[in-house]
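There are 4 protein chains.
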Amino acid sequence: MQIEKQIIDEYNHQLAGKHQRNFEHLAADIADIDNVLKKLMAFNVAIPSWALGTGGTRFGRFSGGGEPRSLEEKIADVGVINALNRSSNSISLHIPWDIPDNAASIKSLASELGLHFDAVNSNTFQDQPDQKHSYKFGSLHHVDKEVRKQAIQHNIEVIKYGVQLNSKALSVWLADGSNFPGQLNFRGAFQNTLESLEEIYNELPDDWKIWIEYKPFEPNFYSTTIGDWGQSYLLSSKLGSKAATLVDLGHHLPNTNIEQIVSLLLMEGKLAGFHFNDSKYGDDDLTVGSISPYQLFLIFNELVEGMDARGMTHATDIGWMIDASHNVKDPIEDLLQSVQAIKIAYAQALIIDKQALVNAQQNNDVAIAQEILQQAYRTDVRPLVAEASKRSGGSIDPISLFRKINVREQLIKERGLKTVATGL
Amino acid sequence: MQIEKQIIDEYNHQLAGKHQRNFEHLAADIADIDNVLKKLMAFNVAIPSWALGTGGTRFGRFSGGGEPRSLEEKIADVGVINALNRSSNSISLHIPWDIPDNAASIKSLASELGLHFDAVNSNTFQDQPDQKHSYKFGSLHHVDKEVRKQAIQHNIEVIKYGVQLNSKALSVWLADGSNFPGQLNFRGAFQNTLESLEEIYNELPDDWKIWIEYKPFEPNFYSTTIGDWGQSYLLSSKLGSKAATLVDLGHHLPNTNIEQIVSLLLMEGKLAGFHFNDSKYGDDDLTVGSISPYQLFLIFNELVEGMDARGMTHATDIGWMIDASHNVKDPIEDLLQSVQAIKIAYAQALIIDKQALVNAQQNNDVAIAQEILQQAYRTDVRPLVAEASKRSGGSIDPISLFRKINVREQLIKERGLKTVATGL
Amino acid sequence: MQIEKQIIDEYNHQLAGKHQRNFEHLAADIADIDNVLKKLMAFNVAIPSWALGTGGTRFGRFSGGGEPRSLEEKIADVGVINALNRSSNSISLHIPWDIPDNAASIKSLASELGLHFDAVNSNTFQDQPDQKHSYKFGSLHHVDKEVRKQAIQHNIEVIKYGVQLNSKALSVWLADGSNFPGQLNFRGAFQNTLESLEEIYNELPDDWKIWIEYKPFEPNFYSTTIGDWGQSYLLSSKLGSKAATLVDLGHHLPNTNIEQIVSLLLMEGKLAGFHFNDSKYGDDDLTVGSISPYQLFLIFNELVEGMDARGMTHATDIGWMIDASHNVKDPIEDLLQSVQAIKIAYAQALIIDKQALVNAQQNNDVAIAQEILQQAYRTDVRPLVAEASKRSGGSIDPISLFRKINVREQLIKERGLKTVATGL
Amino acid sequence: MQIEKQIIDEYNHQLAGKHQRNFEHLAADIADIDNVLKKLMAFNVAIPSWALGTGGTRFGRFSGGGEPRSLEEKIADVGVINALNRSSNSISLHIPWDIPDNAASIKSLASELGLHFDAVNSNTFQDQPDQKHSYKFGSLHHVDKEVRKQAIQHNIEVIKYGVQLNSKALSVWLADGSNFPGQLNFRGAFQNTLESLEEIYNELPDDWKIWIEYKPFEPNFYSTTIGDWGQSYLLSSKLGSKAATLVDLGHHLPNTNIEQIVSLLLMEGKLAGFHFNDSKYGDDDLTVGSISPYQLFLIFNELVEGMDARGMTHATDIGWMIDASHNVKDPIEDLLQSVQAIKIAYAQALIIDKQALVNAQQNNDVAIAQEILQQAYRTDVRPLVAEASKRSGGSIDPISLFRKINVREQLIKERGLKTVATGL
């Protein structure tokens, strides 16, 4: 299904009075509002193809209804999201879950919905039915050269699919690690990973990047071979300028200061981008901003400040993507909530009084530095986000409209109640 | 020094135009605004006497200037805070750091400033110069009955000081624990603690309470004898109805769901109150709301809902106190920021659409339940807090006024640059 | 397959020379060696039926070969384990994964192998194909009374299966919790859980117990309704004397002092028993003793000391069970390693010089208290464990024998390479 | 005081019978025992000068008696330790706590006791009475160039003291960080730190090293400017080949896999050395091996394997030092326990069957890899450690002898009961 522009406009019209009042009230206090709106309007977050179905845990999965049964239906779902919020104009595919049978027709379908293809993702953490070697003991880090070769070939194949779809980056997450002391030689595992990545790196087209994700644990519970930002940085600095580090917000040990990591990676020119989600305990893959919204704001504070410092005028210089698991919510609603939370954090970061903050920092005026950040964070910026969406042709209130026009009910009618999307 | 009412009024007058506009804009969307304001106006948070000086860590302390040199000056500082925010009308003393030489004159001084005395705090985690037995290996849990007796007597003495000042509660935090496996018999330590507390409990006046704090680690680094809420609950349930559990927000293991603990203690009638602060790693004692403001809001959500459910109409049924350490900020500014953050969280919790939330919970409509909480949290409630302060005779913007009228500079002039308050 | 006694004896004979030398060397230093051996010989750890197949994570499962295809084959596998180590004489069934079609024949099969049935486990964390109501939003805590009724009925049914098999306990682990703030009313969830448990409690036969497990997170990532020992204790104390708290070693927040919890539960008469495993990050379900063997020893120190203090002469007064997931190892080998690690920890705890420890504690002689524990822990007690096994008819070196006689190869031949056991 | 060789020999003689029996029993099973003993005998761990007094926390300090009152007495204490265990032949000084008035006489005193001087440590985390600028807001990272200059000069001065004493390394731990979001610009802080370190680096003599320590939190509780190994590595790789990363075992977030970090730093030639201690929660500074002895063993496994792989034949290629705080134990006893625990872990790592482990790793035989590590770890290697000590002229049982000859009582007699050593 597609959402007609007219429906969006009509609902915006209903909400216009209140929205206008709120927006004007807020606008009166913001110095450079046009610039803020321009940046918000230019901002997009990619939707991963696997996030459109219900997620699960090792203990079970409780499917919802109307899940997409094909790549085409996944693209349609992203089309729905983007029609509503005008901030989700790309989709990130996962191979082999989403191998396009016909790249041309897939591209054309996406294009009709105003979508393009973000980074492609390889998968060497599961065995596929027809696979020669098992990834039970890892892939790019494997002690057996034949297994590494197979995993390298898979990544090269993923690049080829990506080229067909005009993707510009390969996103690599490795589950490689160990469950028990003694299982791995850490140096050997690291060196094998590096050599495997070098072979993949050499196959990257000129205008491509490789994004290297890190994660401290799960599905391995003693060590992960790319376990923290330092290990990812070490690899990406050895690989070269096309390689950089991807930050998934849920991939950190308890109490990690993620915003500091983001700041330093950006400083070093090694911040590839983000997998956004939220978490309380581990890689919980919850809706962005649902647990620690202030941390999200602090990350955007570093991004806005650091990108300015590097003269990165386009938000597109960094890869933005959601990577969450929707175990108890409608996936589309959850994604709408996530993008909304990201845009709120971005808007809050954009209205920080930067000059005052610099001054406070120069004077070690800690109380005022805190006041400045809190002044931005405590501001209700939702009218800004709504206005940016409206001006881009999206809805003032995407989630409410999604419910109002019964999108899910229609999808269930179209697709059935017991469909299961590919993915976790 | 004291802050004249006239100064506050003048500054409020200067801010009135903008404040009024913001307040009216916000008020238009809040159903029962009078009730919300009434509750905010009735709300007070006690200031601990030890928080008025600069704090430190084991690695050093960097004093600021103008710290209070006596109990009288500490009371004066609380007077300043309360004059500014009208939400800090009591002080919590720590014995032996703040033994009143003359209770009558101290009470009268406090009373002139509109202050009274909250819970009194005992100290058996340090040795005093004239002390017979050392607390090196604990106090109420000690293997040696003589040491326990000394610590019991100290607590009884603290009650006596409290009675003179019209306090109504004894707040007990024990550092008792162990640094190494084998050091303690856990059961023995627990039983000794229970028996010691029983002796203290028996000395409580009829209208008094005993608040039992828990903490997982520091200053002992293997075990703490009252280490978690379960252990505190076990003690307080064995002691009787005058005993309850005190929650210090910084006294939890990583990732603890504190709001759930608060909810259950309240349900059991065993929530004594709070020591407010914020933390990222351990008992960091940072300004309230400076790290995890959403968590603070979620705690107040449980409090508002749970107190309503128990018919607790007075916020004073629970003990509210700040317990922070001001290592790099002016203590008074830090306390003003903390009280401000608490009132913001309380105001946000008060405007939650409770009926809608109950409905969403009944329908397991998780996305909407989240929307309802976020709707309240994302609202900029600062005009509510400011209005409540103004109506109570306080400042619309306490921190800004504190700076504007150079309070600290005057205190330094009065007291000197190199004073050091008693405390940590 | 079954392992002939003769094979065990022959291998023991081969190892006898070295073993005897080691045993005698060790025995010379142990005061009451007969008592220690007697206790080790009497000690048994139950094997859960679901642990006999390869485990997995939400990212995938890499099956091994020869997994049991039926309850009968699971019992046979436990028979193999027990034949080798003579410390695993019971099996803990999980309903509905292991519903016995014919209880009498199952009991007789087990009996032939010297096995009996430990606690039965209910499952309300997954939906079964024919189930009327979904557990997507919980079971015993559910807002909908009909769902609670269904879950209560399931538990009562599990008791009935258990009665047929001469089990004496129902073990309840609830996944009930929430993924997002606002999703649950914590008090409501707790009260519903309590009422549901009361209905189940009332159906317990006179000589039965109910074991209530706690877990802080996973599969829910914001709250769990029975999240820590305090919450489980609160429930079990309200239920009555047949209810107690089950400790799974992997179900704690980072840095929790588990041995202290064990000590206090035992003191209160509320320690039901254990689910043994090991972990570095969360509920990693790794082989017992593979990550934190000293912690395991400290737990057994509390058990030995606390059981003595309560006059619990039989280790069978407490429920001992392994609950691990074997993702990269042969499940039987992994279970043999786990039982071995448990027995080593138990043996070390048994040889602690208790009187010296009590004296050191009385004198706050911390260094010596540590020395006493380390003296026991650093002792190589493997000859004791081997001797106990040998005297009971088991192998001196179970894992080595398991490999030597190619058990897994035979199981693969019997059962096939691509079997998948029921379970996670 | 000094311990006569004769006293040690006499006590060894008393213990000889039992020791010889144990040693021979163990030796029979160890392939290359001479090599193992040679390595153990060559192994030494430096004692930090500040560890000889009683430590404390921010809540208090409970001094013991007989603490050293001067640098000379600290050296004497290290002499006692080394006489007993023959594994502590160097001392690491902390400036300004231990400024030598007369380097020549200090060197000669140390030399008489068989001691030399390990790395010198700078201190920019406290203000000294005569200091021009305060380190309240940091030192090498400070926004104010004058403060940075002062801190740089201090470090250069520390190098000069070190040169006089034949030290060969400067050990730098910075407390620099922030307590609140907004306080710092992370990039600015990092760049300032780098530039400051470059100035210090340029002053290093040719044969010197600079060791850069990292720590995630405390005494700052929001960010630390050198917070993790990645940040330290980034700095040391930019500085050059004389710079490397120092690992303090207590300076990690919960659940960190430290042994993997050690392995990778060693691989990159960037492992400076260790500050040994143990911890359960944070930088608890407990006795080495008292909480997580298996982790200590796993670290030594990486060291032995990684040093072999790099052809590092001398343990002295890496800096070994204890950094603990002795709050409840006699400092000398605590240090003896720590060195003992380190040597046990080293001995266990030396007897690992490396070829078998390599084979198991090549075959992904996870269960056997674990068995191989556990085989070494479960071996009681204390007779090896005792024999190495004896052959070097030390005691078979240092702690027991320390008690037997009443060292502390004599120190109290010499120095008094209420002395307080400089340090934390």
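Protein chains in written order, with my numbering: chain A, 1 to 424; chain B, 425 to 848; chain C, 849 to 1272; chain D, 1273 to 1696.
We treat Cβ as the ideally placed atom computed from N, Cα and C, and that holds for glycine.
Exercise. Would VAL928(C) count as contacting chain B if we go by Cβ distances under 8 Å?
Worked result: no
Exercise. For TRP521(B), which three-state DSSP category applies?
Worked result: TRP521(B) carries a coil assignment under DSSP once its states are collapsed to helix, strand and coil.
For this session: Check the Cβ of VAL381(A) against every Cβ in chain D and list those closer than 8 Å, keeping chain order.
Result: The premise fails here: VAL381(A) is roughly 18 Å from chain D at the closest Cβ pair, so nothing lies under 8 Å.
Problem set entry | Proximal chain C residues relative to GLU1643(D), where beta-carbon distance stays under 8 Å | In chain order: GLN1185 and ILE1247.
Exercise. Using a C-beta cutoff of 8 Å, does LYS1552(D) count as contacting chain C?
Worked result: yes
For this session: Starting from the beta carbon of SER1138(C), find every residue of chain D whose beta carbon is closer than 7 Å, and list them in chain order.
Result: In chain order: GLN1642.
For this session: Would you decide whether LEU888(C) is buried or exposed? Buried here means 16 or more other CB atoms lie within 10 Å of its CB.
Result: buried
Exercise. When you compare each of VAL671(B), SER563(B), ARG839(B) and SER535(B) to SER656(B) by their alpha carbons, which one comes out closest?
Worked result: VAL671(B)
Problem set entry | PRO1320(D) in three-state terms, based on DSSP | Of the three classes helix, strand and coil, the one that applies to PRO1320(D) here is strand, per DSSP.
Problem set entry | Buried/exposed call for ASN1474(D), threshold 16 Cβ in 10 Å | exposed
Exercise. Can you give the Cα-Cα distance for GLY477(B) and GLU491(B), rounded to whole angstroms?
Worked result: C-alpha separation (whole angstroms): 5 Å.
Problem set entry | Cut-off 7 Å between Cβ atoms - residues of its own chain near HIS154(A), not counting five sequence neighbours on either side | SER122 and THR124
Problem set entry | Same chain, Cβ closer than 6 Å to ILE261(A), neighbours up to 5 away in sequence not counted | TRP229
Exercise. Is it the case that the Cβ atoms of VAL1430(D) and VAL1392(D) are separated by a distance below 8 Å?
Worked result: Yes, the pair counts as a contact, with Cβ atoms nearer than the cut-off.
Exercise. By how many angstroms is the C-alpha of THR669(B) removed from the C-alpha of LYS633(B)?
Worked result: 10 Å
Exercise. What do you get for GLU414(A), buried or exposed, if any count of 16 or more other CB atoms within 10 angstroms of its CB means buried?
Worked result: exposed
Problem set entry | Contact set between GLU960(C) and chain B, taken where Cβ atoms lie within less than 9 Å | Here the premise fails: no neighbours, minimum Cβ distance about 43 Å.
Exercise. Just how far apart, CA to CA, sit ALA386(A) and ALA341(A)?
Worked result: Take the alpha-carbon of ALA386(A) and the one of ALA341(A): they are about 12 Å apart.
Problem set entry | Simplified DSSP state of GLY1460(D), which is helix, strand or coil | helix
Exercise. At what residues does the alpha helix (DSSP H) containing PHE1250(C) begin and finish?
Worked result: Annotation: the continuous alpha helix (DSSP H) that includes PHE1250(C) extends over 1246 to 1252.
For this session: Would you tell me roughly how many angstroms separate the C-alpha atoms of HIS133(A) and VAL1630(D), rounded to the nearest one?
Result: 21 Å
Exercise. Between the C-alpha atoms of PHE641(B) and ALA272(A), what's the straight-line distance to the nearest angstrom?
Worked result: 39 Å
Problem set entry | C-alpha gap between GLN1455(D) and GLY1591(D), whole angstroms | Their backbone Cα atoms lie some 35 Å apart in a straight line.
Exercise. Between the segment 706 to 722 of chain B and the segment 287 to 294 of chain A, do at least 3 Cβ pairs fall closer than 8 Å?
Worked result: yes
Problem set entry | Cutoff 8 Å: PRO1491(D) Cβ touching any chain B Cβ | yes
Exercise. Which parts of the segment 1311 to 1355 of chain D are runs of the beta strand (DSSP E), unbroken and 3 residues or longer, counting only runs that do not cross its ends?
Worked result: none
For this session: Below 8 Å on the Cβ atoms is my guess for TYR1129(C) versus PHE221(A); work out the distance and round it to an integer in Å.
Result: 6 Å
For this session: Sort out for me which residues DSSP pairs ASP1096(C) with in a bridge.
Result: HIS1123(C)
For this session: Look up GLU1698(D) in the DSSP assignment and give the residues it is bridged to.
Result: Because chain D is modelled from 1273 through 1696, residue 1698(D) falls outside the range shown and cannot be assessed.
Exercise. Under three-state DSSP, which class holds TRP173(A)?
Worked result: coil
For this session: Determine the DSSP secondary structure at ILE261(A), reduced to helix, strand or coil.
Result: helix
For this session: Compile a chain-ordered list of the residues in the segment 2 to 28 of chain A whose CB is closer than 7 Å to at least one CB of chain B.
Result: HIS25
For this session: Please classify LYS238(A): is it buried, with 16 or more other beta-carbons within 10 angstroms of its beta-carbon, or exposed?
Result: exposed
For this session: Could you tell me which of GLU1643(D), LYS1514(D), ARG1654(D) and ALA1318(D) sits nearest to HIS1366(D), measuring between CA atoms?
Result: ALA1318(D)
Exercise. Grouping DSSP H, G and I as helix and E and B as strand, with all else coil, what is LEU710(B)?
Worked result: Strand at LEU710(B).
Problem set entry | Segments assigned alpha helix (DSSP H), at least 4 residues, entirely inside the segment 731 to 814 of chain B | 755 to 774, 778 to 786 and 790 to 802
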